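Following the working numbering, the numbering of the sequence shown begins with 9 at its first residue and continues without gaps.
Quick notes on the structure that follows.
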Amino acid sequence: MSDCIFCKIVAGEIPSRKVYEDEDILAFHDINPVAPVHFLIIPKKHIPTLADAAPEDIPVLGKMMQMAGTLAKQAGCNDGFRTVINTGRVGCQEVYHLHIHILGGDKPLGMMLPR
Ligand code: 5GP
Ligand code: ZN
Numbered sequence: 009m010s011d012c013i014f015c016k017i018v019a020g021e022i023p024s025r026k027v028y029e030d031e032d033i034l035a036f037h038d039i040n041p042v043a044p045v046h047f048l049i050i051p052k053k054h055i056p057t058l059a060d061a062a063p064e065d066i067p068v069l070g071k072m073m074q075m076a077g078t079l080a081k082q083a084g085c086n087d088g089f090r091t092v093i094n095t096g097r098v099g100c101q102e103v104y105h106l107h108i109h110i111l112g113g114d115k116p117l118g119m120m121l122p123r
């Protein structure tokens, strides 16, 4: 989608600090981290929100979930981490390209949430 920030990151038109990339997904550090570890995992396909995910998206959603643990551990989150998916207006979603926030660090994160 041409006016989507995350599609532009996928296309390399906007730079990002990549954590992982394959043919289906991309992971990159959040530009405004709210925890010592804060990166995003996105599908390369433009899926606006979790509520828009279709049955055909199940494989990529599964890969995003499986890679969450793998990449979090690679980032040093050996004692746990938080995953957040904000969906739509009520979920305070800011960028309308589906993404999983991965949040971690040394200390328990309490109730802090990415807006
Ligand atoms: P949301 O509120 O939609 O769940 O979160 C969107 C996230 O994307 C925010 O944490 C925000 O800091 C991050 N973000 C927005 N624009 C950019 C960008 O251009 N580059 C990167 N790396 N992160 C971004
Ligand atoms: Zn997009």
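Even for Gly, the Cβ is constructed at its ideal location relative to N, Cα and C.
Computed from a prediction, not measured in an experiment: that's the story for all the values here.
Answer yes or no: do residue i and residue j have a C-beta to C-beta separation smaller than 8 Å?
i    : j    : result
I49  : M75  : yes
T57  : Y28  : no
D114 : P63  : no
V68  : I22  : no
I110 : A80  : yes
N94  : C100 : yes
By the DSSP assignment, the alpha helix (DSSP H) with residue i in it spans what residues?
i   : result
V68 : 66-82
V18 : 13-18
Measure how close the beta-carbons of residue i and residue j come, nearest whole angstrom, since I'm counting them as under 8 Å.
i    : j    : result
V18  : K71  : 15 Å between Cβ atoms; not a contact.
A35  : L106 : Their Cβ separation, rounded to whole angstroms, is 13 Å, which puts A35 and L106 out of contact at 8 Å.
G112 : A83  : 7 Å
A59  : G96  : 6 Å
Return the first residue and the last residue of the beta strand (DSSP E) that residue i is part of.
i    : result
I110 : 108-112
V92  : 90-92
Closest by CA to residue i, which one among the options?
i    : options            : result
D11  : P41, N40, H54      : H54
P116 : R25, T95, R90, H46 : R90
K26  : I93, F47, M73, I66 : F47
N40  : S24, E31, D30      : S24
Exercise for the section: Output the residue ranges of the beta strand (DSSP E) runs that lie fully inside the stretch 23-62 and measure 3 residues or longer, sorted by chain position. Expected result: 26-29, 33-37, 45-51
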